Structure formats: structure tokens, C-alpha cells
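Contents: one structure, followed by commentary.
2 protein chains.
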Amino acid sequence: MKRVGIKDVAREAGVSPTTVSLVLNGQSARIPDTTRDRVRRVATEIGYAPNSVARSLRTQRTHTIALISDRIATTPFAVEMVQAAQDVAREHGYLLLLVNTDGDHDVEREAVDALLSRQVDGMVYACMWSQVVDVPAGLPAGTVFLDGRPAGGGFPAVMPDDRAGAMAAVQELVDQGHTRIAYIDAGEEPVPIASRLRHEGYLEVLRRAGIEPDPSLRVEASITTAAGGVAAAGELLDRPPAQRPTAIFCFNDRVAMGAYRAARHRGLEIPTDLSVVGYDDQQFIAAELDPPLTTVALPHYEMGRWAMQVRLGVLAAPTENDGVHLMPCPLIRRESVAPPPAQHPAPAGDGE
Amino acid sequence: MKRVGIKDVAREAGVSPTTVSLVLNGQSARIPDTTRDRVRRVATEIGYAPNSVARSLRTQRTHTIALISDRIATTPFAVEMVQAAQDVAREHGYLLLLVNTDGDHDVEREAVDALLSRQVDGMVYACMWSQVVDVPAGLPAGTVFLDGRPAGGGFPAVMPDDRAGAMAAVQELVDQGHTRIAYIDAGEEPVPIASRLRHEGYLEVLRRAGIEPDPSLRVEASITTAAGGVAAAGELLDRPPAQRPTAIFCFNDRVAMGAYRAARHRGLEIPTDLSVVGYDDQQFIAAELDPPLTTVALPHYEMGRWAMQVRLGVLAAPTENDGVHLMPCPLIRRESVAPPPAQHPAPAGDGE
DNA sequence: CTGTGGCGATAAACCGATTTATCAACTGGT
DNA sequence: ACCAGTTGATAAATCGGTTTATCGCCACAG
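Line by line, the protein sequences give chains A and B.
The opening position of the first sequence corresponds to residue 1 in this note's numbering, with each subsequent residue numbered one higher.
The opening position of the second sequence corresponds to residue 353 in this note's numbering, with each subsequent residue numbered one higher.
This is how it looks when you write it as C-alpha cells:
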């Protein structure tokens, strides 16, 4: 039971392999309809399926893109990037070769070699957090960076616009009338870029709103989990009323989850007594908290699409901004934000 | 700037391409050390890298396994299966071709054809929930099913042992002295196998413990989310004391999250007033609840490993049980289980 | 001197397609 | 009758390796 090849079709249709190839590839310019139809019919009749390996050897294209990622399993929300990349690849007739390196440089180099040896048509290098990465040796030109930027530049890259995202989050609080807005930042975690950018966005909005930033309102969570959030928010909420924030912007949804808990333990209700905004829009968490959390979504799917589209050439690589494209992070309004409580009822309508 | 090929090495080393091939593939039996070393040296010197496509064409092996999955992005904890499959593949020198079909049968057939055409050495068909699946046309023999079983049998498959997992969960509650144990089942969700098996396990433990199962203690969550859990658990907890459960076994961690919330709203403390056990050990949820949730872990990583190992032939395919292997689901003890509250303090030490 | 066997190495076939160069037959113009 | 051009089709080269069959040479036994 051998696979049927182009020769079998040729023999059966009484033509040469050349003709079959020509017909099946649409190069039927100089081939009359009768022959063309006969070849096509025979091909489907005997169940011909082309051998992509042979074709690739000749054409030097494998219609395969490799996705190298440092880590997948540990950050499940990032799989949307993979999903998106695969979707786009499929739309254009490409298949996705997935390699996980766990961030190990040796594995990485090995993987790049193996992929090059397989003649992949291109690569996408995905990180699971925004970061600056060492470019693995031998990485082919044109490789697109996903959620990370190459240390030396020179490659197209896409990252979430954390600064603008944070600004939207804090603006939402300012719009509701908050002036004492705390920021629970990440501590020593490996998220330096996101942490810095979100802090910048936070400060920028306060500045624009004419609110003097109070350095004591920025605290660090020892770890960016619920537990870390509980501790950090607790510290904030145990201050005397005048120094206590009326709203907290959290580095991510998990620390927001902790902030909820800290508030509840102190008899504070969200959003009546305290407004909270998160980041990530982490599925199964943000929407399921009580009340549902207002947060900023990380556009993983869109970033994945962008990266693959650029790699496939259907989108032009950005030239400005050192080749890195910033993807907007939409604010997701839910129910954890309200105006600040009127502790010392302000003298209503005091003229002007 | 052409790629360096085997011919270049041959010319440079003053031997024939045949000899180079022989040396570089370890078939150096009949080749003296001096030649062997010279060829090797030249090869690395001029940076020779083999062309896998050409090699595959001749050897008929691509060292590539395809992972077809119905859905990835929507069930992030399942990516551990992908991670595991990829890890094992890499360990054995294979690369993973990833295809997501979104459960679409046409896409599926198309994907199988494309993969066959690329001469993949084998396939793994992964589902994101335990289910019975229609086998796509053309699926090659030996394909391993991951977290699903083929409708007609005939393929090796691995699924979580939900029945035993549920038994472990309920046994834990029985061991603590609970007798009124509720089960919040899934409703109309597409999880029929898991739902049925977990219910069976629940009943089985009660039976063995000599506890008459109370049908009213099994309720269905309209959806398996926190919201669904709140409603279902609320219904349970609003009953008169005699009909109220002292412990709840939840279909999954998210409904357990809802059960926590329902209990809290009623002033009940966990685990003192109510014990709760979940299922899935969903990351970022189970361990982060307050108190941390005792639950049953779904062995996604192990299942992924198993599937790839069987597909690669390093593990024999099971013959018993229609070819489906059940992977144990370990009970993860945390802090949501305690003995039932002594409502009507039992007559202590009543002899015998 | 001849036949046998091993050693070192290679020419040539092959994997299954694509692509280039070529060819036979026919048409039509001169 | 001869050349040019068109049509329909194919032989052969190619992609870059692996594998099979063979070859020349020398040592050694008969």
C-alpha cells in the first residue's frame, strides 16, 4: 500500500508527470481544457495527495512558521497569543511549529538550529511577559518579537501599551472624583517593563489632573498574588483616614483580588467605600470577583495576530519607534469603581 | 551567500559526499579515524548544517509530531498538556506542529490532510475537556487521544480518572466526619463525561461509608462559574438546618469560589461552619482563595507526557479497557476542610 | 599465479516533487 | 517547398541529502 504520487496520476491519465504538476499548480496556461480536466479527475479519483516535503525541497519554502516561546504553561492567559498566531498562519496556508524553551539559552540555540535546518519560512519569538530579551544566536532576520523586544533592536516587535493602559485605568478613577489614588506596584518580580510603564502612566494622569502625587501612596506587593495584594492593601487601609486612599490601582488582577479581601476584612465595601482597578483582565478571575472587577485588558490575541501578520508580510513592519509597535490595552468597565465616599461632606455648591 | 551543503564539505575535505554523509551519521564503521576527524573538523569549520527537508524526503521520517486540538485559548489550564507533549517530543528529538481546529470538522479534515501531506511521523489529538469525539476522516492509525476518547475505539487514549478523583475528594470529607455532603454538579455544560464520573464517585463513597445518599443534596449549577456556584450553594445553605449540608463537593474550583461567596454572605466561615472541596486545582484560583481550597488536581501535564510517550513508542499503548488509560487525579489538601460543626453536641464518649 | 577477503572510498540511484529546456506536429504565410 | 510561429506535451535537470552497489587496491592463503 504505497502512497499515490504524481507519477501514478501521470500513468493513469496517460500524460507525463510534468503535465500533472503543471495542471495541479494552476500553471495550465498552455494546457487545453480536456487534458486539464482529465488530470484533475484522475487525481481526485485515485486520491492523490501531494508530498509537501518533496515540494519544499524543490521550492525552498515549507509554508511553516516557528513560534519560539520562553514559557507557556506558567502564564495561561498568554496562550491567546499562540492561538492568534496559529489562526493567522492557517488563514494564509501556513502551519505552526511550536517550541518552548523555558527560557534556557542552550535549548534556545538548539531550537533555532533545528528550525533553520528544517527550512522554516520564518520565526516569531514570543515572551510571556514584556521584557527585553537577548537575541538567540542565529535568529534569522525578520523574526518578529511578541511581547518582548530584542536587546539590540533590529527586529519588529509588538508590546502592550502599558503606559496608556495604566493611564486609562487611573483616569477612570480621577473621573469619578478620586484624588487619593494608591498604586500597588509589583515588587522584585520579573516584570520590570510593565511595572515601570504602569507607574509612569499612573503618575502622568495625576500630574495632568493637577493632583500632587503622594509617594506614600505607591506601595509594593512582595509577590503579585492575592496574598501579596492582601498585605499591601492592608497596609494602605490601616492608615489614619486622612492618609488613606479612596481608590487603589493594582498592578494586576490577582493583587486586586487580594485588595478585595483586605477591604472586606476591614468591613469596607467595594465600590462604595473603596474603588479598585486591576490589570490583565485575567480570565476566570476579573469577571468572577464580587463585584466584577474593572480592569485593563492585555490584548494578547491582537498582539499574536499582529506578530504573525507582520512575519507573513501581510502587514508592514513598523519603522518608527525602533520597530516596536504598541498595542492598545482597552479599559474594561465593570463594577468596582464608584465615586469616593463623602467622608467629610464637602460644602455643597460653594459659589462660583 | 548560499547555504553550505554536504557537497561543500566533501569538496573542502577532499572526499565524496557519500563519505561525508556516512561520517556525519555515525555510520563510520568502515571509515578510518583520520578521515572521520578531518570531515568532522571541516564540517564545523565551514559551518555545515544539514537540510532536514532533503533528509526527510529520503528517509521518510520528519521527526515531527502533530498536535491537533479542538480548542486551546479558552481553557488555559489545558496548555500544560501542550507543554508536556512538547517537552517529551523535544527530549526525543522531535518537533511539535500545533493545529487548533476550534472543533470545526472541516478545518479538522483540512488540517489532517495538510499534516499527512507533510509526512508527520504521528499525531496526537487533544481535547480540552474529557469527551467522546468523532474521529476525523483520514486520521492515521496510532494517533493518541488526549483527554478524549474516539467514538469507535481503536486508538490509544488517556483521560483523567474523574471517578477516583471524586472519590478521594468525598472520602476526605467522610473521614472528617461529614455525613450531609452536597454535590454541586455541572448543568447543561459540555462536560458530560466528567460530570457523570464525578457524580458516580461521590455516590460510591457514600455507599461504602454506609451513608444513605440524599438526592436533594445534589444540585446543578446553571453554569460552572462563580456566579453559578453562588446560586447553587445559596439554595443549599438556605435550607432549614436539618436539611442543610455541612460540606459541599463542587464540580470545579470556580463553582467552589461561588460557594465560598454564598457562605460568606450568610455569615458562615470556611472551614469551621462549612467544608468545601473543588476540582481542577485551577491555577491562580484554588490556592489563592481564602482559605486556600482543598481540591482535586487534573493531571494535565502527566496526560500530555503519557500521550506523547505512547505516540513516540517509548511507552506501550494500553490494551485493556478499550485502550483508554486513566490518569490518577491527586487530592490537594489545603485549608477548606474541617470536621462538621457540632450543632447538637453529640453525647461525647457514649461507650463502645 | 590465482582467488578470496577486507579496506577505503565512491558512483549512481533514489526520495517526489518543480522547473527548464526541448521537441514533434501542425498552421499559415510566402 | 520552406521557414516561422504556435500548440501540446515531455525529457531531463534540480533540490540536498541517504543508501545501495560497486570498484580498486593490497594482503594473504592455496
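In this text, a Cβ means the ideal position worked out from N, Cα and C, and glycines have one as well.
Remember, it's a predicted structure, so these values are computed and weren't measured experimentally.
Proximal residues of chain B, C-beta to C-beta of residue i below 8 angstroms
| i | result |
| --- | --- |
| ILE285 (chain A) | PHE636 and ILE637 |
| ARG254 (chain A) | PHE636 and GLU640 |
| VAL9 (chain A) | What VAL9 (chain A) touches in chain B: nothing, since even the nearest Cβ is about 15 angstroms away. |
| VAL20 (chain A) | Here the premise fails: no neighbours, minimum Cβ distance about 16 angstroms. |
Pair within 9 angstroms by beta-carbon distance, residue i and residue j
| i | j | result |
| --- | --- | --- |
| TYR631 (chain B) | GLY517 (chain B) | yes |
| MET128 (chain A) | ILE72 (chain A) | yes |
| ILE362 (chain A) | GLN282 (chain A) | There is no way to answer for residue 362 (chain A), as the model of chain A reaches only from 1 to 352. |
| VAL440 (chain B) | ARG657 (chain B) | yes |
| ARG118 (chain A) | LEU447 (chain B) | yes |
| THR143 (chain A) | ALA186 (chain A) | no |
| LEU357 (chain A) | GLN438 (chain B) | Because chain A here runs from 1 to 352, residue 357 (chain A) falls outside it and cannot be looked at. |
| ALA509 (chain B) | GLY675 (chain B) | yes |
| LEU629 (chain B) | VAL689 (chain B) | One detail in the question is off: residue 629 (chain B) reads as Val in this sequence, not Leu. Their beta carbons are under 9 angstroms apart, which means VAL629 (chain B) touches VAL689 (chain B) by this criterion. |
| ILE181 (chain A) | THR246 (chain A) | yes |
| ARG38 (chain A) | ALA10 (chain A) | no |
| ASP70 (chain A) | THR34 (chain A) | no |
| PRO644 (chain B) | GLU587 (chain B) | no |
| GLN176 (chain A) | PRO330 (chain A) | no |
| ALA584 (chain B) | GLU572 (chain B) | yes |
| ALA418 (chain B) | MET655 (chain B) | no |
| GLU188 (chain A) | ARG333 (chain A) | no |
| LEU626 (chain B) | ALA639 (chain B) | no |
| ALA478 (chain B) | ILE420 (chain B) | yes |
| ARG618 (chain B) | LEU589 (chain B) | yes |
| TYR183 (chain A) | PHE249 (chain A) | yes |
| PHE507 (chain B) | VAL487 (chain B) | yes |
Cβ distance (whole Å) where residue i is taken to contact residue j below 8 angstroms
| i | j | result |
| --- | --- | --- |
| ALA579 (chain B) | GLY553 (chain B) | With a Cβ gap of about 25 angstroms, ALA579 (chain B) and GLY553 (chain B) do not count as contacting. |
| THR427 (chain B) | VAL472 (chain B) | With 8 angstroms as the limit, THR427 (chain B) and VAL472 (chain B) do not qualify as a contact, their Cβ atoms being about 24 angstroms apart. |
| VAL485 (chain B) | PRO502 (chain B) | 6 angstroms |
| PRO160 (chain A) | MET327 (chain A) | 5 angstroms |
| ALA520 (chain B) | VAL405 (chain B) | Between VAL405 (chain B) and ALA520 (chain B) the Cβ distance is about 49 angstroms, and since that is not below 8 angstroms, they are no contact. |
| TYR400 (chain B) | VAL356 (chain B) | 5 angstroms |
| ARG254 (chain A) | ASP642 (chain B) | Not quite, the Cβ-Cβ distance comes to about 13 angstroms (not below 8 angstroms), so this is no contact. |
| VAL23 (chain A) | ARG41 (chain A) | With a Cβ gap of about 11 angstroms, VAL23 (chain A) and ARG41 (chain A) do not count as contacting. |
| ILE6 (chain A) | PRO17 (chain A) | 5 angstroms |
| LEU203 (chain A) | PRO215 (chain A) | Not confirmed; about 10 angstroms, so no contact. |
| SER195 (chain A) | PHE251 (chain A) | 7 angstroms |
| ASP360 (chain B) | ILE398 (chain B) | 6 angstroms |
| ARG550 (chain B) | ASP514 (chain B) | 5 angstroms |
| LEU436 (chain A) | LEU468 (chain B) | Outside the shown range of chain A (1 to 352) lies residue 436 (chain A), about which nothing can therefore be said. |
Residue i: first and last residue of the uninterrupted beta strand (DSSP E) it sits in
| i | result |
| --- | --- |
| ILE575 (chain B) | Element bounds for ILE575 (chain B): n/a, residue is neither H nor E. |
| HIS677 (chain B) | 676–679 |
| MET475 (chain B) | 474–478 |
| ALA599 (chain B) | 599–602 |
| ALA418 (chain B) | 416–421 |
| VAL277 (chain A) | 275–277 |
| LEU97 (chain A) | 95–100 |
Chain-ordered neighbours of residue i on chain A, where CB pairs are closer than 9 angstroms
| i | result |
| --- | --- |
| GLN438 (chain B) | ILE72, LEU98, VAL99 and ASN100 |
| ARG613 (chain B) | ASP290 |
| LEU447 (chain B) | ALA66, LEU97, LEU98, VAL99, ALA111, ALA114, LEU115 and ARG118 |
| LEU664 (chain B) | Under the 9 angstroms cutoff, chain A gives no residues; its nearest Cβ is about 16 angstroms from LEU664 (chain B). |
Limits of the alpha helix (DSSP H) - the one that residue i falls within
| i | result |
| --- | --- |
| MET303 (chain A) | 300–312 |
| MET433 (chain B) | 431–443 |
| ILE358 (chain B) | 358–365 |
| VAL53 (chain A) | 52–59 |
| VAL20 (chain A) | 17–24 |
| VAL112 (chain A) | 105–117 |
| VAL42 (chain A) | 33–45 |
| VAL255 (chain A) | 253–265 |
Per-residue contacts from residue i into chain A (C-beta, under 8 angstroms)
| i | result |
| --- | --- |
| LEU626 (chain B) | Near LEU626 (chain B) there are no residues of chain A at all, since even the closest Cβ is about 17 angstroms away, more than 8 angstroms. |
| ALA401 (chain B) | ASP113, LEU116 and SER117 |
Contact set between residue i and chain A, taken where Cβ atoms lie within less than 7 angstroms
| i | result |
| --- | --- |
| MET609 (chain B) | GLU288 |
Under 7 angstroms by beta carbon: chain B residues contacting residue i
| i | result |
| --- | --- |
| THR225 (chain A) | GLU640 |
| LEU57 (chain A) | VAL405, ALA406 and LEU409 |
Proximal residues of chain B, C-beta to C-beta of residue i below 9 angstroms
| i | result |
| --- | --- |
| THR62 (chain A) | VAL405 and ARG470 |
Next item on the list: Note down, one range per segment and in chain order, each beta strand (DSSP E) of at least 3 residues found wholly within the segment 142–196 of chain A.
Entry: Segments of the beta strand (DSSP E) lying fully in the segment 142–196 of chain A: 144–146, 157–160 and 181–186.
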